[in-house]
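Protein chains in written order, with the working numbering: chain C, 41 to 167; chain R, 73 to 323; chain E, 949 to 1577.
Structure, as structure tokens:
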Amino acid sequence: MRKQELLAVILVVVFSIGTVATVIIYKIATRDPQRIELLARAPEKGNWSPKTITVKSGEKITLVIKNVDTATHGFYLPAYNLVLTDIKAGEFREVTFTPRKKGQFNFLCSVWCSDYHMHMRGELIVE
Amino acid sequence: MKKTYKSVLIFTAVLVALGGLFFFIMQVMGRVKTDLDIEVDTLAIKYTNGELPLDPTDKFWQTLEAVKVHLFPQAARVPFGNEERDVWIKGAFNNQEIAFLLDFEDDTENWDLPLHSDACAVMIIPDDSPATAQMMGHRSSANIWHWTANRDVLQYQQGVDTVRAVRELIATGPGTQSAFDIQNAEGKGIYHNGQWHVVLKKPLMKQEDGEIEFNSNNDFRIAFAVWDGAMEESLGIKSISIVRSLKMSEN
Amino acid sequence: MKNFAYIIFLALVSFIFLGCEKKPELSGELVGDQRTIEIIAKRYAYTPEVINVNEGETVVLKLISDDVTHGFYLDGYEKGFFVHPGETKVMGFKANMAGRFSFRCSVTCGDFHPYMIGHLRVIPNNRYHAGIFLVVLLGIASIAWSCKKQRNNENKLFGVIPLDWRFELTKYKPIRKMFKSRWFPFIFILINFFIFMVILISSFVGSFSSGNYNFGVMITWVLWWVLLMTLFVPLIGRFWCMVCPFPLVGDWLQRGKLLAVGKHKSRGLNKKWPKKFRNLWPVTMILFVATFFSGFFTVKPFATFVLLSIIILGAIVIALIYEKRTFCLYVCPVSGFQGLYANFSAAEVRVKDPEVCALHQTKTCYTGNEQGYGCPWLELPFDLNRNTYCGMCMECFKSCSHDNMAFNIRPFGTDLLAERRRTDDVNNRRGLDEAFKSLTMIGILFAFFLTMQGPHGWLKDMVRVTNLHGYGLYLVGYTIFNFLLVPGLFFLVSYLSKLASGNKEVSLKQVFIDFSYCLIPIGIARWAAFSFGVILPNGSYLLNILSDPFSLGWNLFGTANFPWTPIFTGSIPYLQTITLLIGLAFSLEYGYKFARKIYADEKEAKRGWIPMLVFLVSLSVFFLWLFEG
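Here is the structure:
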């Protein structure tokens, strides 16, 4: 019975702490400087996160846009003519490109998503 | 004694757990803050006793303070705009008319191609419009005064009777614009030193259904748009301002 | 002769119901046989909320959005389209199916998107009328049945199934062996423990994102809740309590052992729950208050996280202070209706042979021994005659030194007629506490249906706290409805029953309490009906969340981007009506048996039964109107 009790305890620990740890370790392990996670949220829910993205000119990056909001958003970077439209709630969308033009460029939301849609803006800084 | 010790321990553990949960909740909820990126001030225009000149170079316009309005690329309907710009706005009204002066930078003067002419516009919507009226009105009609350099040249320099520099349009959403039967609005633009100076004005009273009647007792909302012909901008490819309140004040 | 008169009266009443039905105002503009209707969609309702068209017309819908992108999906017809703000979209179809159909938003448009619903009525609503007819027919059949000489039928269900019929599942050795193993039901508790860890993590990570694509929200409110109301509770009663992971940590802290049998001394304070509250009152109130926020935790992951955290913390705290499963018995919000409705279920844990228990001195099922703990649910297993407070934890199977426990399949509802025990009197149970639990479950269901599956935008605005004063108004109305109006109405019917019976001795309170039990089958049926409206339109989201439980961009089963696909929505009204009829049949059957119990004399019982029967039939018609009318 003692062995079974130990097994039961191990299972409980694995299922609790183990699950949490797995998620945290996964997030840390898959961190990639070339992949930038951008959260799309309406302005009243916090706007883009991060608001400002800084990258180096000539280095390829992948923007992973995750819609953590409850309305459909879009991504539009006029300086690079990049459009990702209809990113639905809960969806992930990726775009890979190599920024060359240096400067500060705004990116906007391209789908009317809230009363404050016109305020949904972030900045891409290419150094 | 042991019972009391247990009780105290449990009580403390409960407090800590509840406190922790409460703290957690506050932290998570605090993460979601409204971020409006930009302040949008009310545009206030004053009453004047005298005439409102159609000429952008008239001294009258120098007596007014300009308000800088930032324009963003149109990004709600394809085709999208590309450019960000600034436009300086001056406005005034008297007993008969309401007028605005729009000053904006433009590297080249483009007026010969009707589709790729430099242009600008003022949009007025009723104060009780929903937020989606930003997109050229929504079920409540938007009034748009659309000036193009091409028509300006046709009216004033080439003296074509049937053309007016400013067309008054009514719209209830993107792409739904159509001209009013009775055209009341007037406008004139001057290009000088890499800048356009355009006056748009119109009588306060309305002459047709759907036309907005101006008076200093009511509030309105206003937005601006600019097109650069050299960049082949027209229709949806434009820069627009965020809609803001328009206040007409007596003093 | 008198009974015949009652039948005529009932038939007349039903015709009045049907005749009273106002002809609904038809929507939109009719040109020829084409009806054009403009629909405005705005968070979180449609204008008009209800659309009425004639059968056979060609319906043209013009959809406009006043704020963000909205969709329109019509149940039954299974047609849909969506519109961006600033444009108008048109869809046409032929209204060749009569009835009432829900239409819902098909594009996630905001926090409360799943509740954006309207109703389309294609008149004549024949299936609704047919439903009324069937309900009234059932009522008439019940009277006719009660008129018949009942000598043989008193101990039978519907005159066919003996109430004392039992099928012992544990007569099969492998099953008995499984129940006696300490790993049962522990292994399932462990699996659920894992699932709830994932729920907690995902609902925390998801926080203010869409609930549709959140593992926590979907598994709790779409999968678990629906399984609970359609399968677990009606069939097995407290099945969830058997495998619930919430008491795991508390039990472990109390016992010092997770799986094995330790010392039978609690490491906590082991206090006794106050006698005054050893009934269903606390859980009734706790659930009621929890439902104040039901608009939130069913759609916002973070709200689910908070709710579950509070319940889990509460379970641990109560376990440290009070004895054994006090939390499960008297605090857990889900416990109340599981316990009460378990009286209706078709499964039970009982002793095999009472003679064996009579000769057994130590009663190890209650005191515990080396094989098992004494009943954690503070029951006396040797004397167990009702499911209400038995959590099916199977400890008594392990601790009974005579192997005398049994798990039986039985006819539905036999516990409703179980006799009172001493513990019931001592703990003030089986009184108004259970009556109010039964009544509030009906009231809560009414409110849930209206707010979550009804078309009224103004009501949804109140529930989602667009402003505090609307929400306050809702809470006041909701409370008055549940604790005054519904019980008040039931009190009136009980009074009429007593009056009709002619019996002067029986206490009105007893009539009220006893008859409240016949609301249980109808209550179970309505909650199951409500659940069909939850799972069939939204079940496809389960595929999404299973592939990406933590919203990390995974696609474990390839279904992370599975499009929203409502299934069999056309069957919802039929499923709901069938369950209603089944529930009513049981309510009527047991109701009459209750009448016989309350009023000693057969003639008095028949007279006293009529007002209650009319009430049950009217209640069913009312629910039919609410769900399909």
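For glycine and all other residues, C-beta sits at the position ideal for the given N, C-alpha and C.
For TRP1573 (chain E), the enclosing alpha helix (DSSP H) begins and ends at 1550 to 1576. Assigned with DSSP and collapsed to three states, TYR1289 (chain E) falls in helix. Only exposed fits TRP1406 (chain E), as fewer than 16 other CB atoms lie within 10 angstroms of its CB.
Between the alpha carbons of LEU1326 (chain E) and HIS157 (chain C) lies a distance of about 58 Å. Residue burial is scored here from C-beta neighbours: LEU51 (chain C) has at least 16 other C-beta atoms within 10 angstroms and is therefore classed as buried. The C-beta separation of ALA243 (chain R) from GLY259 (chain R) comes to about 18 Å, leaving the pair out of contact by the 8 Å criterion.
Taking the Cα positions, TYR116 (chain C) is about 49 Å away from ALA1263 (chain E). Neighbours of PRO1033 (chain E) in chain C, taken as residues whose beta carbon is under 7 Å from its own, are TRP152 in chain order.
Cβ neighbours of VAL232 (chain R) within its own chain (closer than 8 Å, five residues either side excluded): LEU226. About 12 Å separates the Cβ atoms of VAL315 (chain R) and LEU143 (chain R), ruling out a contact at the 8 Å cut-off. For THR120 (chain R), there is no enclosing alpha helix (DSSP H), as DSSP marks it with neither H nor E. Remark: C-beta atoms of ALA191 (chain R) and TRP160 (chain R) do not approach each other more closely than 8 Å. For TRP1188 (chain E), no beta strand (DSSP E) run applies; the uninterrupted alpha helix (DSSP H) run containing it begins and ends at 1187 to 1191, by DSSP.
Per DSSP, reduced to three states, the secondary structure at LEU46 (chain C) is helical. For a cut-off of 8 Å, the C-beta gap from PRO1193 (chain E) to ILE1137 (chain E) is around 5 Å, short enough to register as a contact. In this structure ARG1186 (chain E) touches ALA1290 (chain E) by the C-beta definition: roughly 5 Å separates them, less than 8 Å. Around the beta-carbon of GLY1436 (chain E), fewer than 16 other beta-carbon atoms lie within 10 Å, marking it exposed. Distance from the CA atom of LYS96 (chain C) to the CA atom of ASP109 (chain C), rounded to whole angstroms, is 29 Å.
In the DSSP annotation of this structure, the continuous segment of the beta strand (DSSP E) that includes PRO145 (chain R) starts and ends at 139 to 145.
Secondary structure remark: continuous beta strand (DSSP E) runs of at least 3 residues inside the region 1187 to 1230 of chain E: none found.
Annotated three-state conformation of CYS1305 (chain E) is helix, per DSSP. Contact annotation: the region 1445 to 1452 of chain E touches the region 1544 to 1556 of chain E, with at least three C-beta pairs closer than 8 Å. Taking every protein chain shown into account, the CB of SER1050 (chain E) has 16 or more other CB atoms within 10 angstroms, so this residue is buried. Taken through DSSP and simplified to helix, strand or coil, CYS192 (chain R) comes out as strand.
Under the three-state reduction of DSSP output, GLU1003 (chain E) falls in the coil class, being neither helix nor strand. PRO1359 (chain E) and ALA1294 (chain E) do touch by the CB rule: their CB atoms are close to 7 Å apart, below 8 Å. Close to chain C, meaning a Cβ-Cβ distance shorter than 9 Å, are the following residues of the region 80 to 108 of chain R: ARG103, VAL104, LYS105, THR106, ASP107 and LEU108.
Taking a Cβ-Cβ cut-off of 7 Å, ASN1000 (chain E) has no neighbours in chain C, whose nearest Cβ is about 31 Å from it. Residues of the region 1493 to 1518 of chain E with a Cβ closer than 8 Å to any Cβ of chain C, in chain order: PHE1498, SER1499, LEU1500, GLY1501 and ASN1509.
Within chain C, the residues THR110 have their CB atoms less than 7 Å from the CB of ASP1059 (chain E), given in chain order. SER1054 (chain E) places its beta carbon less than 8 Å from that of TRP1512 (chain E).
Here GLY1391 (chain E) is near ASN1430 (chain E), since their CB atoms are less than 8 Å apart. With fewer than 16 other Cβ atoms inside 10 Å of its own Cβ, LYS970 (chain E) counts as exposed. In the DSSP assignment, LYS162 (chain R) forms a beta bridge with R:LEU173. Setting aside the 5 residues that flank it on each side, TYR1321 (chain E) is surrounded in the same chain by GLU1343, each with a C-beta closer than 6 Å to its C-beta; the list follows chain order. Between the C-alpha atoms of GLY1361 (chain E) and TYR1538 (chain E) there is a straight-line separation of about 8 Å.
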